[in-house]
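Numbering (the numbering used here), first residue to last: 801 to 1041.
The beta carbon of each residue, even a glycine, is placed where N, CA and C say it ideally should be.
Model, not experiment: these values are computed from the prediction.
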Amino acid sequence: MSKLYMAENSSSPDGGENVKPFTMDGELGLIKTTGNTETTSLKATLSAHQEMQDWSNDYALETLYKQDELDTDDGKETTTTAQKLFVSGQGNYKLTDPNHRLFAFASYEDDRFSGYQYQGTVAGGWGHQMWKTDTSSFNYSIGPGYAFAKTEDGESANGFIVRGALDYKWKISPTATFRQLISTEAGSNNTKSKSETSLSAKINGSLAMKVSLLLNHNSDVAEGNENLDTQTAVTLVYTFF
801 MSKLYMAENS SSPDGGENVK PFTMDGELGL IKTTGNTETT SLKATLSAHQ
851 EMQDWSNDYA LETLYKQDEL DTDDGKETTT TAQKLFVSGQ GNYKLTDPNH
901 RLFAFASYED DRFSGYQYQG TVAGGWGHQM WKTDTSSFNY SIGPGYAFAK
951 TEDGESANGF IVRGALDYKW KISPTATFRQ LISTEAGSNN TKSKSETSLS
1001 AKINGSLAMK VSLLLNHNSD VAEGNENLDT QTAVTLVYTF F
């Protein structure tokens, strides 16, 4: 089963480049196989970044759907094997030094095959853009928060957490970019961690191809569910503006 994790765009007034006030990217991947194995997989995401004088904000919407045709005693049966919706937003308030920030984060995830009916998080704390040059950037955030979730059995799994996240980006060439995103939400009920490692290459000014490896780990899952979900994907990314 596949999992996704969503990304954040970063920018800084001293980054050495013109900063757009608003950008939005769309990512789409579709795989359909026929013959001995019948499968359909669809992955779609939207990510937006807003840059203002005092605020730097990020928004994300992600969906994943997979359908397989399985052999049964009664013949072939089509069943859904992955279905997920994830939304998140983070506001970063710039302090006197704009590389130092206070952040507020919120997310909600509905994944039918994660062992949870839903998982949500709210958090706030300290963010720091350690550097941003023409070729690379690194920023992190850390702070307390609260997680709310309901397991497949209908039990609530709510509690206080500590959330940490980092984002490293390296522009290998004018057309190729490497990116590493990691986040962890550690609490007494569950520790939820996500990682996305990706390499993208521009096809033209607005279109790029992206290869990514995504990992999603929950320390506490229902019996019969795996702790770690992975996804390897090749997708097209379109920059709207």
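- Under the three-state reduction of DSSP, A906 is assigned to strand.
- In terms of CA proximity to G889, A848 leads the group Q883, P898, A848 and D854.
- Boundaries of the beta strand (DSSP E) around F960: G959 to S973.
- Around the beta carbon of G1005, fewer than 16 other beta carbons lie within 10 angstroms, which makes this residue exposed.
- One thing to note: Y940 has its Cβ no nearer than 8 Å to the Cβ of A904.
- Bridge pairing for F1041: absent [DSSP].
- Under the 8 Å Cβ criterion, the stretch 969 to 979 does not count as touching the stretch 869 to 880, having fewer than three qualifying pairs.
- Nearest neighbour of Q1031 by Cα position, chosen from K843, T984, G891 and T880, turns out to be K843.
- Between T863 and Y916, the C-beta spacing is not below 8 Å.
- Annotated three-state conformation of K832 is strand, per DSSP.
- Distance between Y918 and V887, taken at the CA atoms: about 12 Å.
- Our two residues, E909 and I1003, have alpha carbons roughly 32 Å apart in a direct line.
- Residue environment for Q929: buried (at least 16 other C-beta atoms within 10 angstroms of its C-beta).
- DSSP places V1011 inside the beta strand (DSSP E), whose first and last residues are L1007 to N1018.
- Burial of L1014 is indicated by the presence of at least 16 other C-beta atoms within 10 angstroms of its C-beta.
- Per the DSSP secondary-structure output, E869 pairs in a beta bridge with E838 and T878.
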